[in-house]
Amino acid sequence: MKKINVGLMGYGSQGRRIAEALRRQTDMVLTGVGVKAPDLTAKMAYMNEHPLYAIEPEEFKDSGIPIRGSVEDLLSNIEVVVDATPAGIGKQNKEQLYAHHHVKGIFQGGESFDVATIPVFFTEVTYESASNAKYLRIPTPYTVATVSMLEPMNSAFGVKDVSSTFLIAGSEPNRGSRGPLDAILPVKIEKLRLLKEEIGYISLEPRMLSAFRVPTVLLSVQTLLLEVKSKASKADITALLREQDRILLLPKEFTATDMIFEFLRRVRGTSGDIYEICVWEDQIECDNQHVKLVLAYDNHCVHTPHIIDAIRALTTHIENDVSSRRTNNTLNVGKKLAFHS
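Counted the way this note's numbering counts, the sequence shown spans residues -9 to 331.
Here is the structure:
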């Protein structure tokens, strides 16, 4: 089987998680990682045995971090690049590098919609339409989590209205200088408007959204309030969600996000990366046609399976469901907990 040659630009909080996921794929090769400076991030990539390519190779001279060549050398030997650079840099890279080398590209949610042919890629919705595209943009993790719930709920019960509140992890490991610390920060309304637009692009646009950055480094939490067209019982909803590979129902033993993180990183073997949307089963509430769901997820990697699927969508004729199963198997997604409430 011919493997897909993939390049990765950036090895920060997104990039190193994407690299880990790529390494697990049997039909892909991470040909190289583009790095900017001989810093701790580049050292981490080197120690993880990734081939490194530099934007400015001269900067790595005498650094002790060997590089294979320039970023241009990397782009000449790949079919698709996953850009995991800070917001706004991806579009610059597209214009200055990717277009010149005629490589396909996948961008993150920090980039504007106009960076991609398909501005909101979500496996279950836009996979087939990506076959003729050159550039894809992966939505924010908050859109991925929301739409992952809305799609099956809408198919089963019909969703009339949705509102949501997000409690967003304010920082992460390796970024201790970021906050908040002993504070809760409301997210600006302008960002919430963009999130509503993004969700509405592929699903039902929420009526109201609110979000707050909170002092934790592990998982983000989200409440989802739905009005559905047909009456749904808690048993109906739990049965539906249990069928979804990228949704994980949590039994009552999981009383906090740190318990989710610790349990899954010990039993999954994925460097602590949690790819599923976790739903607290005992928090599911139904009142006639109104439903409340409470989710927890890692906003640094819940969208990673969609990135892997996007690579196949751009470069192969593999069907949607085949790609999803392959991604889920290699990342241990959908392996349900061994006990139930």
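Glycine included, every Cβ here is placed at the ideal spot set by N, Cα and C.
Per-residue burial, residue i [other beta carbons within 10 Å of its own, 16 or more giving buried]
i     : result
N122  : exposed
N83   : buried
P109  : buried
K86   : According to the sequence shown, residue 86 is Gln rather than Lys. Burial call: exposed.
S331  : The pLDDT assigned to S331 is 46, lower than 50, so where the model puts this residue is not dependable; a value taken from the coordinates is nonetheless given after this. Exposed is the call here.
R203  : buried
V312  : exposed
E243  : exposed
R183  : exposed
S138  : buried
I278  : According to the sequence as given, residue 278 is Asn; it is not Ile. N278 is exposed by the Cβ-count criterion.
R197  : exposed
D288  : buried
I128  : buried
M(-9) : exposed
S314  : buried
L157  : buried
D104  : exposed
H40   : buried
I274  : buried
I174  : exposed
Contact check, residue i vs residue j, beta carbons under 8 Å
i     : j     : result
A159  : A303  : no
A74   : L(-2) : yes
Y265  : T306  : no
F337  : S220  : The chain is shown from -9 up to 331; residue 337 falls before or after that span and cannot be answered.
I8    : A300  : no
C268  : L238  : yes
V134  : V292  : yes
T130  : G99   : yes
K124  : T107  : yes
D248  : L208  : yes
Y117  : L185  : no
E69   : K94   : yes
E62   : P28   : no
T245  : T155  : no
N(-5) : V19   : yes
A77   : I57   : no
E162  : H296  : no
P205  : L240  : no
R258  : N322  : yes
L215  : K282  : yes
Where the beta strand (DSSP E) through residue i begins and ends
i     : result
T21   : M18 to V25
V72   : V70 to D73
R127  : Y125 to R127
I237  : I237 to L240
S(-6) : Checking the displayed sequence, the identity of residue -6 turns out to be Ile instead of Ser. It spans I(-6) to M(-1) - the beta strand (DSSP E) in which I(-6) sits, taken as one unbroken run.
Rounded distance between the beta-carbons of residue j and residue i, thought under 8 Å
i    : j    : result
N318 : D235 : 5 Å
L65  : V72  : 12 Å between Cβ atoms; not a contact.
E217 : D151 : 4 Å
L42  : V25  : 5 Å
C276 : I308 : Contact doesn't hold; Cβ gap of about 38 Å is too wide.
V177 : A286 : In fact, because the Cβ distance is near 18 Å, the residues do not count as touching under 8 Å.
T320 : T16  : 7 Å
S261 : E46  : 29 Å between Cβ atoms; not a contact.
The ligand SAM heavy atom lying under 7 Å from the CB of residue i
i    : result
T116 : Inclusion of the ligand SAM in the displayed structure is not the case, the ligand content being empty and no account of it being possible.
Span of the alpha helix (DSSP H), counted from its first residue to its last, around residue i
i    : result
V115 : T113 to T116
K224 : K224 to R232
I96  : Not the alpha helix (DSSP H): I96 falls in the beta strand (DSSP E), residues K94 to F97.
G5   : G5 to R13
* Asked: What alpha helix (DSSP H) runs, 4 residues minimum, are completely inside the stretch 144 to 219?
  -> 179 to 192
* If you scan the stretch 246 to 311 from start to end, which runs of the beta strand (DSSP E) of 3 or more residues do you find wholly inside it? -> 267 to 270, 275 to 277 and 280 to 287
* Uninterrupted beta strand (DSSP E) stretches inside the stretch 26 to 78 (no shorter than 3 residues) -> 42 to 44 and 70 to 73
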